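With the UniProt record's numbering applied, the sequence shown covers 1 to 368. Where is the CB? At the ideal position from N, CA and C, for every residue including glycine. Remember, it's a predicted structure, so these values are computed and weren't measured experimentally.
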Amino acid sequence: MSAARTVQVGGSHPYAISIGPGLLQDGTALATHARGRHVLLVSDSQVAPLYAAGVEAALRAARPELAIATHVIPAGESHKTLATLAGVFDALAALGATRDAAVFALGGGVVGDLAGFAAACWMRGVDCVQLPTTLLSMVDSSVGGKTAVDIPQGKNLVGAFHPPRAVVADTAALRTLPPRELRAGLAEVVKYGALGDPLFFQWLEAQRDALLAGDDHALAEAIARSCEHKAAIVERDPLEKGERALLNLGHTFGHAIEAEQGYSGGGSAALVHGEAVAVGMVLAARMSAALGLAPDEDTARLARLLEALGLPTRIPAGLEPEALLARMRLDKKNVAGRLRLVLWRGIGRAEVVPEVDEAAVLALLRDG
Ligand code: NAD
Ligand code: MG
């Protein structure tokens with residue numbers, strides 16, 4: 001079959017991430033991750049029509065004795081809810097799923113987070129196999145074991161740490177992904193280079209056209225290297241007590257932008273998560289330069305790469321600097337008048353700066 005790459009994730013619950021084109025058609029390999037007799041394939045209303053029947057057929061052909069059902073949830077963050085979760089439990093009950101059942105999560109981060117949380121809860125924990133179909137879910141949400149749903153009071157407030165049994169990333173699935181979603185995922189890929197790997201950053205600069213064109217080989221390499229970075233960081237800090245915070249590079253600024261736009265009500269002009277992170281990383285770089293931590297040239301290089309990848313690098317017009325600062329303040333770890341931020345000393349050298357003066361942040365936000 002395809003020349004798949006594998007990334008091993010260690011820690012107390014080790015698992016493998018397989019990456020390559022065509023992996024969703026490899027029923028034999030997929031079936032090895034189903035330990036018992038029951039598989040619930042969870043997907044969303046955009047992804048299921050494209051890939052669910054193929055995955056189900058591949059599993060059946062490899063293991064005819066498996067009891068398999070497909071459960072489709074509505075696509076979109078607004079459906080990552082307790083009500084949708086309850087529907088997954090109903091589907092598991094209808095299937096007669098026992099302790100050795102497996103939940104296969106076929107879709108982006110919304111499906112992965114929700115189906116992963118369902119697996120964490122069902123009978124106090126059954127296997128979850130992540131089949132990510134967006135670039136963001138391949139390089140970020142499917143790795144690391146965080147699962148959750150949203151409640152009206154906030155995103156991801158109800159969840160669990162539940163590492164997957166395996167992750168299978170079929171790069172061919174990215175061909176149907178809307179280009180804007182691909183670019184948003186590339187922002188998170190750039191993040192890994194920016195936070196800890198200058199050579200990967202350089203490689204991304206050289207490969208940017210291939211990545212944008214959806215080249216299988218370049219994407220598989222970018223995904224594998226991103227997963228290696230996330231896996232290594234998560235392995236050293238599984239419960240986010242220290243180093244894992246570096247994965248939030250660009251995210252404090254980014255989340256403030258997303259929150260100010262309204263998580264879903266911002267219309268098509270509103271930035272999606274990866275785009276907000278792109279802007280946020282440039283703001284973090286500019287903040288670092290302003291504080292004398294890093295050279296201006298590194299900010300310029302970061303902005304050039306992101307722009308070449310079709311990503312925004314400035315705060316969208318119409319957002320109030322004071323309102324953005326107020327959003328950033330909501331982070332519980334902050335001390336009065338000071339913000340805890342992930343900044344950098346240059347490309348590949350991110351670090352947590354515990355007390356950044358709010359006035360300096362406000363000056364930066366006013367500059368756009
Ligand atoms: P998503 O799951 O909403 O997918 C984006 C859109 O693309 C959806 O409409 C989906 O139906 C569609 N889609 C997915 N794959 C497709 C394909 N191959 N072809 C065509 N369309 C496709 O969003 P996302 O960006 O993948 O994930 C965002 C979610 O991930 C958020 O809920 C976020 O909280 C979560 N997340 C979790 C972690 C974690 O560590 N658990 C990390 C980062 C993000
Ligand atoms: Mg992110």
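N- and C-terminal bounds of the beta strand (DSSP E) containing residue i
i	result
Gln8	5 to 9
Per DSSP, cross-strand counterpart(s) of residue i
i	result
Tyr192	Looking at the DSSP assignment, Tyr192 forms no beta bridge with any residue, so it has no partner.
Leu339	Val356
Trp203	DSSP lists no partner for Trp203.
Ala67	His38
Glu351	Leu343
N-terminal and C-terminal residue of the alpha helix (DSSP H) that residue i is part of
i	result
Ala226	Just to set this straight, residue 226 is Ser in the shown sequence, not Ala. Run containing Ser226: 216 to 236, per the alpha helix (DSSP H) assignment.
Asp44	Run containing Asp44: none in the alpha helix (DSSP H); it sits in the beta strand (DSSP E), 38 to 44.
Ile19	Premise fails: Ile19 lies in the beta strand (DSSP E), 15 to 20, not in any alpha helix (DSSP H).
Asp197	First-last for Asp197: undefined, no H or E at that position.
Leu30	27 to 31
Val55	53 to 62
Arg301	296 to 308
Arg327	321 to 329
Sequence-distant residues of its chain with Cβ nearer than 7 Å to residue i (five each side left out)
i	result
Ile68	Val39, Leu41, Glu56, Leu59, Arg60
Ser35	Note that residue 35 is Arg in the sequence shown, not Ser. Only Asp100, Ala102, Asp127 meet the Cβ criterion.
Ala160	Phe117, Ala120, Thr147
Arg366	Pro321
Ala363	none
Pro21	Ser2, Asp170, Thr171, Ala172, Asp216
residue 426	In this structure the chain extends from 1 to 368, so residue 426 is not present and cannot be described.
Ala220	Arg5, Ile19, Gly20, Thr171
Residue j beta carbon less than 8 Å from that of residue i
i	j	result
Ile151	Leu82	yes
Ala166	Pro132	no
Thr136	Lys80	Correcting the residue identity first, residue 136 is Leu in this sequence and not Thr. No; because the gap between Cβ atoms is not below 8 Å, this pair is not in contact.
Val143	Val9	yes
Gly280	Gly250	yes
Lys191	Val277	yes
Phe201	Arg225	no
Thr6	Ala62	no
Val139	Glu188	yes
Val342	Thr313	no
Ala75	Ser45	yes
Gly318	Gly185	no
Ala194	Ile347	yes
Leu246	Gly196	yes
Ile19	Ile315	no
Trp122	Ala91	no
Gly11	Pro238	yes
Thr257	Glu243	In the sequence as displayed, the identity of residue 257 is Ile instead of Thr. Result no, Cβ atoms of Ile257 and Glu243 do not sit closer than 8 Å.
residue 372	Arg236	The requested residue 372 does not occur in the structure, where the chain is confined to residues 1 to 368.
Thr134	Leu50	no
Neighbourhood of residue i by C-beta distance below 6 Å, restricted to the same chain and skipping five residues each side
i	result
Gly265	Per-residue confidence for Gly265 stands at a pLDDT of 49, beneath the threshold of 50, marking its modelled position as unreliable; no derived number is given.
Ala210	Ala218
Ala285	Thr299, Leu302
Glu351	none
Arg340	Lys333, Asn334, Pro354
Asn156	Ala148
Ala308	Arg208
Chain C within 8 Å of residue i, Cβ atoms only
i	result
Phe201	Protein chains in the displayed structure number just one, and chain C is not present.
Neighbourhood of residue i by C-beta, 8 Å cutoff - its chain only, sequence neighbours within 5 removed
i	result
Ala360	Met287, Ala290, Leu291
Val129	Leu30, His33, Ala34, Ala102, Val103, Phe104, Ala105, Pro164, Arg165, Ala166, Val167, Val168
Glu358	Leu325, Arg329, Gly337, Arg338, Leu339
residue 383	Any question about residue 383 goes unanswered here, given that the chain covers just 1 to 368.
His71	Leu40, Leu41, Val42, Ser43, Gly87, Val88, Ala91
Ala16	Thr6, Val7, Gln8, Val9, Ala166, Val167
key: Those runs of the alpha helix (DSSP H) which lie wholly inside the UniProt domain "3-dehydroquinate synthase N-terminal" (72 to 183) and span at least 4 residues   = 82 to 95, 109 to 121
query = Whole alpha helix (DSSP H) runs in the stretch 242 to 285 with 4 or more residues, listed along the chain?
reply = 251 to 261
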